[in-house]
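Residue numbers (our numbering): 391 to 750.
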């Protein structure tokens, strides 16, 4: 009985963007002279850490973003009749009957059922229908982890890393994270890849981590999809057939709502990284990220409006996005010169538009 993987990954280590600086960086080098590759002093972080956390929250598989973009989704295939054993405890949990789920799971958990132990750990850790009890949650996650439940091993590893309900123990945490990753838990695969990158600086760690990023990416973790895209584009020893898939992986992460991927995909499309140039689509992805509040995307979108790349020139829109990014602390002398050179009425209109801006 797997518990859905946590969306808010608590143990984000060194970002790929920083580590790539020590090695070859073909994709970024291709973009170096682009008008929207400037300024390069304040890049967005490689992995977003402000994901919402809470019961039932899962990494997006892109459907929500497709809905917001107005795309018509294909019909789902008919579900096959399930003829296996029914887990009454998990069924009650799914319907929100948490006390019933606890009552049905506890006898099984006491007899050593790892799935039931994981369920109790989840209920206690979230305080679902009962008082939140992190210490007892850690106890049950630990028992389930000892029994080999991948979801429990992942959750228990996080608790060991944070010292939440149990003493901190990096060695034990890393061991359980590795076991959960090797068992196929997608969030554990991503976190174990992060640990490998952090503990093995340079290309060695990136190459060790790549298989785990790939497995996690295949299961829909947007952070891993972004990592795969970057590593396919930048590691020199990646097979050519994989390098050709770099943009596709970046697009998957972007469609899942990962704003940094939306930013980078827009830049790749404009600069022709990983495929042909497409100014219009590049503009659209940068605008989506900018509307979502990504400051770097707001800055680069201003450049597109100034230079009429993928869109007609619009000095008011250009100034608006520059004002928003400048307020967030991203300086850009070229855009400042542009802003000071437009009419007073255009500056006022841009300020008014920036004041009315709300993240979408």
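Positions of the beta carbon are idealized from the N, C-alpha and C atoms, including for glycine.
For residue i and residue j, I'd like the C-alpha separation in whole angstroms.
{"i": "residue 550", "j": "residue 480", "result": "25 Å"}
{"i": "residue 633", "j": "residue 623", "result": "6 Å"}
{"i": "residue 716", "j": "residue 653", "result": "17 Å"}
{"i": "residue 743", "j": "residue 711", "result": "9 Å"}
{"i": "residue 520", "j": "residue 657", "result": "48 Å"}
{"i": "residue 523", "j": "residue 537", "result": "21 Å"}
{"i": "residue 682", "j": "residue 698", "result": "22 Å"}
{"i": "residue 451", "j": "residue 722", "result": "With a pLDDT of 36 at residue 451, under the threshold of 50, the modelled position of that residue is not reliable, and the figure given next carries that caveat. Taking the straight line from one Cα to the other gives about 35 Å."}
{"i": "residue 599", "j": "residue 648", "result": "20 Å"}
{"i": "residue 644", "j": "residue 676", "result": "10 Å"}
{"i": "residue 729", "j": "residue 694", "result": "14 Å"}
{"i": "residue 650", "j": "residue 493", "result": "43 Å"}
{"i": "residue 605", "j": "residue 594", "result": "18 Å"}
{"i": "residue 567", "j": "residue 705", "result": "51 Å"}
{"i": "residue 733", "j": "residue 692", "result": "17 Å"}
{"i": "residue 707", "j": "residue 534", "result": "55 Å"}
{"i": "residue 506", "j": "residue 498", "result": "6 Å"}
{"i": "residue 427", "j": "residue 621", "result": "Bear in mind that a pLDDT of 45 at residue 427, under 50, signals an unreliable position, so the model cannot answer this."}
{"i": "residue 518", "j": "residue 740", "result": "47 Å"}
{"i": "residue 489", "j": "residue 726", "result": "60 Å"}
{"i": "residue 747", "j": "residue 702", "result": "21 Å"}
{"i": "residue 700", "j": "residue 641", "result": "18 Å"}
{"i": "residue 638", "j": "residue 735", "result": "43 Å"}
{"i": "residue 553", "j": "residue 655", "result": "37 Å"}
{"i": "residue 666", "j": "residue 659", "result": "7 Å"}
Tell me where the alpha helix (DSSP H) around residue i begins and ends.
{"i": "residue 661", "result": "649-661"}
{"i": "residue 581", "result": "576-589"}
{"i": "residue 704", "result": "Where residue 704 is concerned, there is no enclosing alpha helix (DSSP H), given that its DSSP letter is neither H nor E."}
{"i": "residue 609", "result": "No alpha helix (DSSP H) holds residue 609; DSSP gives it neither H nor E."}
{"i": "residue 669", "result": "669-681"}
{"i": "residue 632", "result": "630-633"}
{"i": "residue 488", "result": "488-500"}
{"i": "residue 568", "result": "560-572"}
{"i": "residue 747", "result": "Premise fails: residue 747 is in no alpha helix (DSSP H) and is neither H nor E."}
{"i": "residue 637", "result": "636-645"}
{"i": "residue 547", "result": "540-552"}
{"i": "residue 694", "result": "685-697"}
Could you give the C-beta distance for residue i and residue j, rounded to a whole number, given that I count them as a contact under 8 Å?
{"i": "residue 619", "j": "residue 646", "result": "Wrong, their Cβ atoms sit about 12 Å apart, outside the cutoff."}
{"i": "residue 514", "j": "residue 495", "result": "Their Cβ separation, rounded to whole angstroms, is 11 Å, which puts residue 514 and residue 495 out of contact at 8 Å."}
{"i": "residue 671", "j": "residue 625", "result": "With a Cβ gap of about 26 Å, residue 671 and residue 625 do not count as contacting."}
{"i": "residue 491", "j": "residue 511", "result": "Actually they do not touch by this definition, with Cβ atoms about 12 Å apart."}
Could you check whether the Cβ of residue i sits closer than 7 Å to any Cβ belonging to chain D?
{"i": "residue 568", "result": "In the structure shown, chain D does not exist; there is a single protein chain."}
Check: Pairing CB atoms from the stretch 528-543 with CB atoms from the stretch 570-588, are three or more of them under 8 Å?
Finding: Taking 8 Å as the limit for Cβ pairs, the verdict is that the stretch 570-588 does touch the stretch 528-543.
Item checked: Length-filtered (4 minimum) alpha helix (DSSP H) runs lying within the stretch 506-538 -> Whole alpha helix (DSSP H) segments, 4+ residues: 524-536.
Next item on the list: Could you tell me whether the stretch 679-690 touches the stretch 713-729, using the rule of 3 or more Cβ pairs below 8 Å?
Entry: Here the stretch 679-690 lies against the stretch 713-729, with 3 or more beta-carbon pairs under 8 Å apart.
Check: Quick one: any contact between the stretch 576-584 and the stretch 602-613, if contact means 3 or more CB pairs under 8 Å?
Finding: As far as the Cβ criterion goes, the stretch 576-584 touches the stretch 602-613, which means the pair count is three or higher.
Check: Where in the stretch 709-745 do unbroken runs of the alpha helix (DSSP H), each at least 4 residues long, occur, reported from the N-terminal end onward?
Finding: For the alpha helix (DSSP H) assignment, the uninterrupted runs of no fewer than 4 residues enclosed by the stretch 709-745 are, from N- to C-terminal side, 723-731.
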